[in-house]
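Trainee: So the number in my numbering is just where the residue sits in the sequence shown, counting from 1, plus 895. Beta carbons: idealized from backbone N, C-alpha and C, even for Gly.
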Amino acid sequence: MNNFSRQFGRSLMVAIILLVIGAGSAFADYAYYFPYFSSSANKGEVIGLALANTTANTAKVKIAIINQAGVTQKVESWELPSYGQKADVIGADLNDIEGSFQVLSDQPLTGLAFLFAHQMRVM
């Protein structure tokens, strides 16, 4: 298997994981899983997250940042108004952590996540 095939396979797997929407806890009807999170002042890495509420109802959102051992390091709460949106850096106060993050919501959402690294250039 050549490098392109391996990389394409990994990219496809990440795309599939990002599209998974499932039933969450009693709080959340929608759960979105992102397989990679990194926050490091030493490496200049942060994660930017933009979410949009696609409904006429207010969306209550929780963002759980989880380390590689599976332990929740931080939970951020957002409230998105009807058809509203928000973009922000998540977990910026955490340092030298890698893992994943999960977005839980009581309303369906759309969004983007970006890893910024090395003097804020998009990777």
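With a threshold of 8 angstroms on Cβ separation, who are the neighbours of Ser977 within its own chain once the five nearest residues in sequence on each side are excluded?
Mentor: For this step, residue 977 is matched to residue 82 along the sequence shown. Scanning its chain for C-beta atoms nearer than 8 angstroms, with the 5 sequence neighbours on each side dropped, one finds around Ser977 the residues Asn948, Thr950, Ala951, Asn952 and Thr953, in chain order.
Trainee: Along the chain, where does the beta strand (DSSP E) that runs through Ser934 open and close?
Mentor: If you number the sequence shown from 1, residue 934 lands on position 39. Per DSSP, Ser934 belongs to the beta strand (DSSP E) from Tyr925 to Ser934.
Trainee: Give me whichever residues DSSP pairs with Ala982 in a beta bridge.
Mentor: By 1-based counting over the sequence shown, the position of residue 982 is 87. Answer by DSSP bridge pairing, in chain order: Ala945.
Trainee: Considering Asn962, what are the terminal residues of the beta strand (DSSP E) in which it resides?
Mentor: Here residue 962 refers to the residue found at position 67 when the sequence shown is read from its first residue. For Asn962, the uninterrupted beta strand (DSSP E) run begins and ends at Ala954 to Asn962, by DSSP.
Trainee: Beta carbon of Ile985, beta carbon of Glu971: below 7 angstroms?
Mentor: Translated into positions along the sequence shown, residue 985 becomes position 90. Translated into positions along the sequence shown, residue 971 becomes position 76. It is a contact, given that the beta carbons lie within the stated cut-off.
Trainee: In the DSSP output, which residue or residues are listed as bridge partners for Val970?
Mentor: Locating residue 970 in the sequence shown gives position 75, where the first residue counts as 1. Paired residues: Ala959.
Trainee: Just the C-alpha distance for Ser935 and Leu999, rounded to the nearest angstrom, thanks.
Mentor: As a working note, residue 935 is residue 40 in the sequence shown. As a working note, residue 999 is residue 104 in the sequence shown. So the two alpha carbons sit approximately 24 angstroms from each other.
Trainee: Between the C-alpha atoms of Asp983 and Gly965, what's the straight-line distance to the nearest angstrom?
Mentor: Working through the sequence shown from its first residue, we reach residue 983 at position 88. Working through the sequence shown from its first residue, we reach residue 965 at position 70. Answer to the nearest angstrom: the Cα atoms are 24 angstroms apart.
Trainee: Give me the residue from Ile942, Lys969 and Gln980 with the minimum Cα distance to Gln1002.
Mentor: Along the sequence shown, one-based indexing puts residue 1002 at 107. Of the candidates Ile942, Lys969 and Gln980, the one whose C-alpha sits nearest the C-alpha of Gln1002 is Gln980.
Trainee: Helix, strand or coil: how does DSSP classify Thr1005 here?
Mentor: If you number the sequence shown from 1, residue 1005 lands on position 110. The DSSP-derived three-state label of Thr1005 is strand.
Trainee: So, is Leu914 buried or exposed, given that buried needs 16 or more other C-beta atoms within 10 angstroms?
Mentor: Residue mapping note: residue 914 aligns to position 19 of the sequence shown, counting from 1. Bear in mind that a pLDDT of 37 at Leu914, under 50, signals an unreliable position, so the model cannot answer this.
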